[in-house]
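The structure under discussion appears below in the form of structure tokens.
Numbering (the numbering used here), first residue to last: 92 to 448.
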């Protein structure tokens, strides 16, 4: 079973904050014949349950809504009589929320806007302040996420010294101890003889990493988005820039990193994430690459949080955990497919190995 997308995880949390509501999700490739979908969400009340076909969409604005409406109308025609589509997305504007309700497209967003309208029950929440602001755990901070990265990258590291975990995670020994204790109390780790730990469920820990990276860790690491000063093709920028990038021990990630990981041009990347060493002044890179800040830019610069953020088989490419986490930030069909492929070809086998430790 594939891990759930962070937005789907968050939407399940939002649902379960409501009285007497429970929800589960199944994410299986090829689960639905004849329709592309991101999973099956089942919502339970004490009296009833209803099942939805989940579609995760990003960057929904009033300008792009027509495309989503056409897609959902087409999807409804392909689904059976007892199957209903559900839109899962990031934070929606009030205008988009009102329009989705008007045209009767059911949805949940990560901020807590919910519209569920079926013959068994009805839920409408348009004010996200309904929810109490809370985190999954007061001790699940960015240091803990860095420790989670180290554990997911090298599950065997739990058999070794705390020093090695600290080095791979890029945190101090005390942060390692606190993080391991938190992960144990949250049931992500099992405690073994001699004070050592074992991963309880690799997929669940990966899901927590995905959510934590997008919600917390990334904002601590990201510097900005940029575009070339000159009006040049992205492929030309890459050709001119990769030698400079490699000279500074910068790791390539995002779409281009995924393409490099698979050693194929099938993805046809249109953006790149540059993971720069923490001690490197990013202005050196933006000057040499001739970049300018641009909120719509396709070049993102992010700080590395340890000297082990690279892929084991190629120290110029970011670790698949980081590449996949970046792809999940903008879940269009192409990037969702690539994130799934990264999981299947690079991460799944690590999880299988973790089960044998």
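We treat Cβ as the ideally placed atom computed from N, Cα and C, and that holds for glycine. A quick note: this is a predicted structure, and the numbers were derived from the prediction, not measured.
- Straight through space, the alpha carbons of residue 300 and residue 249 are spaced by roughly 17 Å.
- The three-state secondary structure of residue 408, taken from DSSP, is strand.
- As computed with DSSP, residue 146 is found in a beta bridge with 178.
- Put simply, of 281, 135 and 379 the residue whose alpha carbon is nearest the alpha carbon of residue 293 is 281.
- If you look at residue 352, you'll find it in the alpha helix (DSSP H) that goes 345 to 353.
- In this structure, the beta-carbon distance from residue 360 to residue 340 does not fall below 8 Å.
- Going by DSSP, residue 270 is part of no beta strand (DSSP E) but of the alpha helix (DSSP H) stretching over 264 to 276.
- Residue pairing from DSSP places residue 316 in a beta bridge opposite 391.
- By the neighbour-count criterion, in which a residue is buried when 16 or more other Cβ atoms sit within 10 angstroms of its Cβ, residue 264 is exposed.
- In this structure, residue 434 and residue 93 form a Cβ contact; the two beta carbons are roughly 6 Å apart against a cut-off of 8 Å.
- Taking 8 Å as the cut-off, the Cβ atoms of residue 445 and residue 290 count as close.
- In summary, residue 354 is exposed, with fewer than 16 beta-carbon neighbours lying within 10 Å of its beta-carbon over all protein chains present.
- Here the C-alpha atom of residue 324 lies approximately 40 Å from the C-alpha atom of residue 131.
- Under the DSSP assignment, residue 377 falls outside any beta strand (DSSP E), being part of the alpha helix (DSSP H) whose first and last residues are 373 to 379.
- Closest by C-alpha distance to residue 111, out of 326, 436, 139 and 302, is 139.
- Less than 8 Å divides the Cβ of residue 145 from the Cβ of residue 99.
- By the neighbour-count definition (other C-beta atoms within 10 Å, threshold 16), residue 352 is a buried residue.
- For residue 431, the three-state secondary structure derived from DSSP is helix.
- By the C-beta criterion, the stretch 256 to 271 is judged to be in contact with the stretch 233 to 243, since at least 3 inter-stretch pairs fall below 8 Å.
- The beta carbon of residue 184 sits closer than 8 Å to those of 152 and 153, all from its chain and outside the five residues before and after it, given in chain order.
- Boundaries for residue 338: no beta strand (DSSP E) harbours it, while the alpha helix (DSSP H) harbouring it runs 325 to 338, taken from the DSSP string.
- Residue 415 counts as buried, since no fewer than 16 other beta carbons sit within 10 angstroms of its beta carbon.
- Just so you know, the alpha carbons of residue 164 and residue 198 end up roughly 14 Å apart.
- Within the same chain, and ignoring the five residues on either side of residue 279 in sequence, the residues whose Cβ sits closer than 6 Å to its Cβ are 291 and 296.
- Within its own chain, the residues whose Cβ lies closer than 8 Å to the Cβ of residue 335, once the five positions on either side in sequence are excluded, are 376, 379 and 380, listed in chain order.
- Inter-segment contact for the stretch 340 to 350 and the stretch 404 to 413 is present: three or more beta-carbon pairs are separated by less than 8 Å.
- When the Cα atoms are used, residue 420 and residue 159 turn out to be separated by approximately 18 Å.
- The Cβ neighbour count for residue 417, taken over all protein chains shown within 10 Å, is at least 16; the residue is labelled buried.
- In the displayed model, residue 279 falls within coil according to three-state DSSP, outside both helix and strand.
- Exclusion of the five residues before and after residue 304 leaves 236 and 416 as the residues of its chain whose Cβ lies within less than 7 Å of its Cβ.
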